[in-house]
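K.L.:
First to last, the protein sequences are chains G and U.
Those letters in the first sequence? Residues 54 to 246, by the working numbering.
Those letters in the second sequence? Residues 54 to 246, by the working numbering.
Number of protein chains: 2
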Amino acid sequence: MMRGMRTNTQDEILNAAQALAQQRGFNAFSYADISAAIGIRKASIHYHFPSKEDLELALLLRYVEQFDEALLAIDQSADPPALKLRRYGELYRRTLSLGAICLCGMMASDIAALPAMLRAPLAEFFVTQTNWLGGVLEAGRRNGEFVFAGDSVLRARSVLASLQGGLIVARALQDAALFDALVDDLLAGIGHR
Amino acid sequence: MMRGMRTNTQDEILNAAQALAQQRGFNAFSYADISAAIGIRKASIHYHFPSKEDLELALLLRYVEQFDEALLAIDQSADPPALKLRRYGELYRRTLSLGAICLCGMMASDIAALPAMLRAPLAEFFVTQTNWLGGVLEAGRRNGEFVFAGDSVLRARSVLASLQGGLIVARALQDAALFDALVDDLLAGIGHR
DNA sequence: GTCTATAAACTGATAGAC
DNA sequence: GTCTATCAGTTTATAGAC
C-alpha cells in the first residue's frame, strides 16, 4: 500500500461532495446528502473528514491538483495557442453538461461564507490559471496568432473571469451554446480570425 | 398612505437580506442574521415574509425593479454607446466596493438550490440585460464606435457573462482593478479605441 | 472502518399575548 | 406589528459497540 494513497471510500466521498458542491454550492448540501449518494452512514464520513471544513479543504486541494494535471496535458501537446485556449475552455465546458460550474468559481461566489483557511489556496488557483493563460496569450501574440495590447497576464485575468461568468450565466439560462459563443468572442477579442 | 407602498420595516428587512445575500449567498444567512442586523425579532420577519422563499422572491423582484430604473436613467442620457457601456459596468462595480456581487449572479451560481419559483424571473433578468446591452452594442456599431461581427444580442450575452464573472473573480482576489481592466478589455474586444 | 445512538446548536416556522 | 415562547426538523459532530 502506497503512502499517501487515498482509500476508495475517501475518493467516493470526495466525488459525491464535489458534484454536490459544483451543482448546489458548498452551503447547500450536508453530510446526509453525501450519505444518501454513496450509501454510507454520516458518522463514517466524519471518520474520513472530521469537520466540514476538512472536507472542503480536501475538495479544493484535489480540484487544484486535477486542474494542474489538465494544464500539463495541454502544455505537452504541440497545439497552437488558439487551440490550447479552446482546449482550456473545454475543461470548463464539460462541467456545464453536468449542470455544474467550476468548483473554484462556486467557492469564489460564496467567499464571504468561506472558511478563512480556504481563501489563500482559492486565490492561488486563480493566480495559477491566469499565469498559465497569460503564457498562452503571450505565445500567440508572439507568433502572430493573436493581436492585443497590454500585459498578457492582465488580459488573462479578463479571459478567466469571462469563462467563470460564462458557466454561471449559461447554466442559469440552460443554454450551453452561450458558453461556446463566449469562447468564440474571447478569441475574436484577442484578434484571432 | 399610497397603495402598494412598502413599510419601513419591510424595506429594512429587504435591505439587510439583500446585503447578506449579495455577500454570503442566500443559503448562507438566516432569519437570525437579519434579526441581529436590524434589531427585530425573527417572528416579526416571518410576519412580513412568511417563508424564506417569499423573502427571496421579494428580494429578486425588487432588485429587478431597481435595475430597470438604472437602465432607464442611462437611456435617458445622450451619452454615446461606449459611455453607456461604462456606466452600465459601474452599476456592477459599485457592489464590489461593498464586498458584494450581483444578486442575480449569486442566485445563478446557486441555481440548483434555488426555489423553482425563482428560476423564471431570474432568467428574465438576464434576458432583459442582454437585450438592453445588445441595443447599446448595435447603436455603437451603427455609428462606427464599435467594430464587431455577428448578432449584437449574442455578443451582449458574452459581455454580461464577463461582467458577472469579473465581479466574482475580482472579489476573490480582493482586487477591484481586475474588474476595471475587464471593462476596458470588453470595450477593446468590440473594437472601441 | 463502519455502524447505532445521541448530543448540542441552529433552521425555518407557528401560536398566542400585548 | 412586534413580542415571547416554543416546535419539529436538520445540521455538524461525538461516543462507543462491533
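Quick reminder that beta carbons are idealized off the backbone N, C-alpha and C, glycines included.
Are any of the Cβ atoms in chain U nearer than 8 Å to that of ASN68 of chain G?
P.N.:
Looking up residue 68 of chain G in the first sequence gives position 15. Closer than 8 Å: no.
K.L.:
For a cutoff of 8 Å on Cβ pairs, would you count MET170 of chain U as touching chain G?
P.N.:
Reading the second sequence from its first residue, position 117 is the one you call residue 170 of chain U. For MET170 of chain U, the answer is no, since every Cβ of chain G falls outside 8 Å of its Cβ.
K.L.:
Three-state secondary structure (DSSP) at ALA165 of chain U?
P.N.:
Here residue 165 of chain U is taken as the residue at index 112 of the second sequence, counted from 1. It is helical.
K.L.:
Measuring only the C-alpha atoms, how far is LYS105 of chain G from CYS155 of chain G?
P.N.:
Position 52 of the first sequence, counting from 1, holds the residue named residue 105 of chain G. Position 102 of the first sequence, counting from 1, holds the residue named residue 155 of chain G. Roughly 19 Å separates the two Cα atoms.
K.L.:
Is there a C-beta anywhere in chain U that falls below 8 Å from the one on ASN184 of chain G?
P.N.:
Residue 184 of chain G sits at position 131 when you count from the first residue of the first sequence. Chain U, which has no Cβ nearer than 8 Å to the Cβ of ASN184 of chain G, makes this no.
K.L.:
Three-state secondary structure (DSSP) at ASN196 of chain G?
P.N.:
Counted from its first residue, the first sequence places residue 196 of chain G at position 143. In the structure shown, ASN196 of chain G sits in coil (DSSP, three-state: anything other than H, G, I, E or B).
K.L.:
Identify, in the order they occur along the chain, each residue of the same chain with its Cβ nearer than 8 Å to the Cβ of LEU113 of chain U, setting aside the five sequence neighbours on each side.
P.N.:
Numbered from its first residue, the second sequence carries residue 113 of chain U at position 60. Within the same chain, LEU113 of chain U has close Cβ partners LEU156, CYS157, MET160, LEU171, PRO174, LEU175 and PHE178.
K.L.:
Using 8 Å as the Cβ pair cut-off and three pairs as the minimum, do the stretch 139–154 of chain G and the stretch 93–108 of chain G touch?
P.N.:
No contact exists between the stretch 139–154 of chain G and the stretch 93–108 of chain G.
K.L.:
Does the beta carbon of ARG194 of chain G sit closer than 8 Å to a beta carbon anywhere in chain U?
P.N.:
Here the question's residue 194 of chain G lines up with position 141 in the first sequence. Not an interface residue.
K.L.:
The alpha helix (DSSP H) that contains ARG147 of chain U, what's its start and end?
P.N.:
By 1-based counting over the second sequence, the position of residue 147 of chain U is 94. 134–150 is the extent of the alpha helix (DSSP H) around ARG147 of chain U.
K.L.:
With TYR145 of chain U and LEU216 of chain U assumed to form a contact (beta carbons below 8 Å), what rounded beta-carbon distance in angstroms separates them?
P.N.:
In the second sequence, the residue the question calls residue 145 of chain U occupies position 92. In the second sequence, the residue the question calls residue 216 of chain U occupies position 163. Going by Cβ atoms, the distance from TYR145 of chain U to LEU216 of chain U rounds to 5 Å, so yes, they are a contact pair.
K.L.:
Would a check of beta-carbon distances place LEU235 of chain U closer than 8 Å to chain G?
P.N.:
In the second sequence, residue 235 of chain U corresponds to position 182, counting from 1. For LEU235 of chain U, the answer is yes, since a Cβ of chain G falls inside 8 Å of its Cβ.
K.L.:
Starting from the Cα of LEU231 of chain G, find the closest Cα among U:VAL180, U:ALA74, U:GLY219 and U:ARG224 and give me that residue.
P.N.:
The sequence position of residue 231 of chain G within the first sequence is 178, counting from 1. Comparing Cα positions, the closest option is U:VAL180.
K.L.:
Check whether the Cβ of MET104 of chain G lies closer than 8 Å to any Cβ atom in chain U.
P.N.:
As a position in the first sequence, residue 104 of chain G is number 51, starting the count at 1. The displayed chain sequence assigns Ser, not Met, to residue 104 of chain G. Closer than 8 Å: no.
K.L.:
Quick one, which residues of the stretch 73–87 of chain G are near chain U if we go by CB-CB under 7 Å, in chain order?
P.N.:
So the list reads GLN76, ARG77, GLY78, ASN80 and ALA81, given in the order they occur along the chain.
K.L.:
Please state if the CB of GLY218 of chain U and the CB of GLY203 of chain G are separated by a distance shorter than 8 Å.
P.N.:
As a working note, residue 203 of chain G is residue 150 in the first sequence. As a working note, residue 218 of chain U is residue 165 in the second sequence. No, these two residues do not count as a Cβ contact at 8 Å.
K.L.:
Using a Cβ-Cβ cut-off of less than 9 Å, give me the residues of the stretch 198–209 of chain U that come near chain G, in sequence order.
P.N.:
Within the stretch 198–209 of chain U, the residues whose Cβ lies closer than 9 Å to some Cβ of chain G are PHE201, ALA202, GLY203, LEU207 and ARG208, listed in chain order.
K.L.:
Judging by CA-CA distance, which residue of U:ASP163, U:GLN63, U:ALA169 and U:LEU226 is the nearest neighbour of SER115 of chain U?
P.N.:
Translated into positions along the second sequence, residue 115 of chain U becomes position 62. In the sequence as presented, Ser is not what sits at residue 115 of chain U; that position holds Arg. ARG115 of chain U has its Cα closest to that of U:GLN63, out of U:ASP163, U:GLN63, U:ALA169 and U:LEU226.
K.L.:
What separation, rounded to the nearest whole angstrom, lies between the Cα atoms of LEU124 of chain G and GLU118 of chain G?
P.N.:
Looking up residue 124 of chain G in the first sequence gives position 71. Looking up residue 118 of chain G in the first sequence gives position 65. Approximately 10 Å between the Cα atoms of the pair.
K.L.:
Is LEU186 of chain U near ALA209 of chain U, with beta carbons less than 8 Å apart?
P.N.:
As a first step, residue 186 of chain U is located in the second sequence; it is residue number 133 there, counting from the start. As a first step, residue 209 of chain U is located in the second sequence; it is residue number 156 there, counting from the start. Yes, the Cβ-Cβ distance between LEU186 of chain U and ALA209 of chain U is below 8 Å.
K.L.:
Going by C-alpha to C-alpha distance, which of U:GLY78, U:ALA69, U:GLN76 and U:PRO103 sits closest to SER88 of chain U?
P.N.:
Start at 1 with the first residue of the second sequence, and residue 88 of chain U comes out as number 35. Of U:GLY78, U:ALA69, U:GLN76 and U:PRO103, the residue nearest in Cα terms is U:ALA69.
K.L.:
At a CB-CB cut-off below 8 Å, which residues of chain U make contact with ILE164 of chain G?
P.N.:
Residue numbering aside, residue 164 of chain G sits at position 111 when the first sequence is read from its first letter. Ordered by position in chain U, the residues that pass the 8 Å Cβ test against ILE164 of chain G are ARG224 and ALA225.
K.L.:
Quick check: is the beta carbon of ASP64 of chain G nearer than 8 Å to any beta carbon in chain U?
P.N.:
Locating residue 64 of chain G in the first sequence gives position 11, where the first residue counts as 1. So no, ASP64 of chain G is outside the interface.
K.L.:
When burial is assigned at 16 or more other CB atoms within 10 Å of the CB, is GLU143 of chain G buried or exposed?
P.N.:
Looking up residue 143 of chain G in the first sequence gives position 90. Under this definition GLU143 of chain G is an exposed residue.
K.L.:
Roughly how far, in whole angstroms, is the beta-carbon of ALA223 of chain G from the beta-carbon of PRO134 of chain G, given that I think they are within contact range, below 8 Å?
P.N.:
As a position in the first sequence, residue 223 of chain G is number 170, starting the count at 1. As a position in the first sequence, residue 134 of chain G is number 81, starting the count at 1. Not a contact, Cβ separation roughly 24 Å.
K.L.:
Using alpha carbons as the reference points, say which of G:LEU207, G:LEU226, G:ASP163 and G:LEU220 lies closest to GLU109 of chain G.
P.N.:
As a working mapping, residue 109 of chain G is identified with position 56 in the first sequence. The residue with the shortest Cα to Cα distance from GLU109 of chain G is G:ASP163.
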